[in-house]
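Student: Submitted below is the structure of interest, expressed as structure tokens.
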Amino acid sequence: MGNSNGYVSVALHLDSMAHAAGYPSGYLDPTYRQVVDRFLALADEFGFRYSMYPIGRDLEDRHACARLREISAQGHELGNHTWNHYTDTGALPVAELREEIVRTHEKLVDEVGVQPRGFIAPAWSYSDRLLRLLAELGYRYDMSAFPSWLYYPFVAKNALNHLSHGEKFRRVLNRRDWLQPLTGPRDPYLKHGVVVIPVPTTAGPVATAVWHTTGFLLGWERHFALLRNAIAARPYFHYVVHPADLTCAEDFTGSETMYLERAGGSLEEKQRRLRESLSILKESGKQWVTLGEMADAARSELMRSRAA
Ligand SMILES: [Zn+2]
């Protein structure tokens, strides 16, 4: 490993308010306006670059494309988070899965001017067919594996949230990775030539997945302790954040039907919690990189240990 202490990075899954609201016509999405500005201000404050994963359909909005071009020019990485953000992405038939990835990829190339090299499936919907396809399409890394017991309550919670939306409910439960949380490796590995970077987990036999949402689910004091544990346990640590982590009631007009319960709340309090989390990343003394850089470092290390 280039840095004996390891690496940290921040992955912003750009699950937009427009997506959550079902793309109402004429909607001015706060995600690509004030919300992304709040995230960028933290990058300036802490001195790191994000890896951001936009939803393909959002790139039909010229304003979103312009913002992403600007963000990419500042040195942040952009990756692929599928076109429709279906929670059963990993279980889709191959032709449909290909369309989800390729359509988004082409938009990023044509409208934003970047070649995405990394992928994250919505709701961590992991599968072997997904990895094979990513390899064929030239992707270098995937972050869709979720090797933690927390997978089951996470899927159950998602299902409950969508109980009254027939199609979304069906998609939440349509998965091909029911055993992967119990059997999957917890550190990066190579499969079909793709570096898989699993969601970070704590040390010990009962691995708890840690991302910013864990604080909303398990309470903040517990979260900060789990975060310290996971950063120490994982030489390659990435912290997953979402736009809803920095939205507040004022960002919504009230006409959107939102199912994201954490979308409201006090912005000041949310900013304090995210700052505290980023401080813990910084205090770790690990090297702050993008996910693309982390994947390259992990690949070199994996190739070296393979050759040995
Ligand atoms: Zn997402």
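Here the sequence shown is numbered in my numbering, starting from 29 and rising by one per residue.
Where a beta carbon is used, it is the ideal one built from N, C-alpha and C, also for glycine.
In this text, all values refer to a predicted model and were calculated from it rather than measured experimentally.
Per DSSP, what kind of secondary structure is phenylalanine 147 in: helix, strand or coil?
Tutor: strand
Student: How would you write the range of the beta strand (DSSP E) that alanine 184 sits in, first residue to last?
Tutor: Per DSSP, alanine 184 belongs to no beta strand (DSSP E); it is in the alpha helix (DSSP H), 179–189.
Student: Going by beta-carbon coordinates alone, are threonine 236 and serine 176 separated by less than 8 Å?
Tutor: Yes, Cβ-Cβ distance for threonine 236 and serine 176 is below 8 Å.
Student: Any contact of the region 248–264 with the region 182–196, i.e. 3+ C-beta pairs under 8 Å?
Tutor: no
Student: On the DSSP letters alone, give me the boundaries of the beta strand (DSSP E) that lysine 219 sits inside.
Tutor: 217–219
Student: Ignoring anything shorter than 4 residues or poking outside the region 242–278, list the alpha helix (DSSP H) runs there in chain order.
Tutor: 248–261
Student: Could you tell me which residues DSSP pairs with asparagine 108 in its beta bridges?
Tutor: Bridge partners of asparagine 108: Phe147.
Student: Closer than 8 Å is the cut-off here; do at least three beta carbon pairs connect the region 54–67 with the region 122–130?
Tutor: no
Student: Where does the unbroken beta strand (DSSP E) through valine 224 begin, and where does it stop?
Tutor: Taken as a continuous stretch (DSSP letters only), the beta strand (DSSP E) holding valine 224 covers 222–224.
Student: Ligand 1 and aspartate 86: does any heavy atom of the ligand fall closer than 7 Å to the residue's C-beta?
Tutor: no
Student: Between the Cα of histidine 47 and the Cα atoms of Gly34, Trp206, Asp89, which residue gives the shortest distance?
Tutor: Asp89
Student: Under three-state DSSP, which class holds histidine 91?
Tutor: Residue state, collapsed to three classes: helix.
Student: With a CB to CB cut of under 7 Å and the five nearest residues on each side skipped, what residues in its chain are close to arginine 97?
Tutor: Val140, Gly141
Student: Should alanine 64 go down as buried or exposed, given a rule of 16 or more other Cβ atoms within 10 Å for buried?
Tutor: Note on residue identity: the sequence assigns valine, not alanine, to residue 64. By the neighbour-count rule (16 or more Cβ atoms within 10 Å), valine 64 is buried.
Student: Excluding five sequence neighbours on each side, which residues of the same chain lie with their C-beta closer than 8 Å to the C-beta of valine 234?
Tutor: Only Trp177 meet the Cβ criterion.
Student: So, using beta-carbon positions, are leucine 136 and asparagine 112 closer together than 8 Å?
Tutor: no
Student: With a CB to CB cut of under 7 Å and the five nearest residues on each side skipped, what residues in its chain are close to glycine 292?
Tutor: Non-local beta-carbon contacts of glycine 292 in its own chain, meaning distances under 7 Å to residues more than five positions away in sequence, involve Cys276, Ala277 in chain order.
Student: Is proline 150 near ligand 1, going by C-beta to nearest heavy atom under 7 Å?
Tutor: yes
Student: State yes or no: is the C-beta of glycine 146 within less than 8 Å of the C-beta of serine 79?
Tutor: yes
Student: Hey, out of Pro263, Ile148, Tyr179, Arg131, whose CA is closest to tryptophan 206's CA?
Tutor: Tyr179
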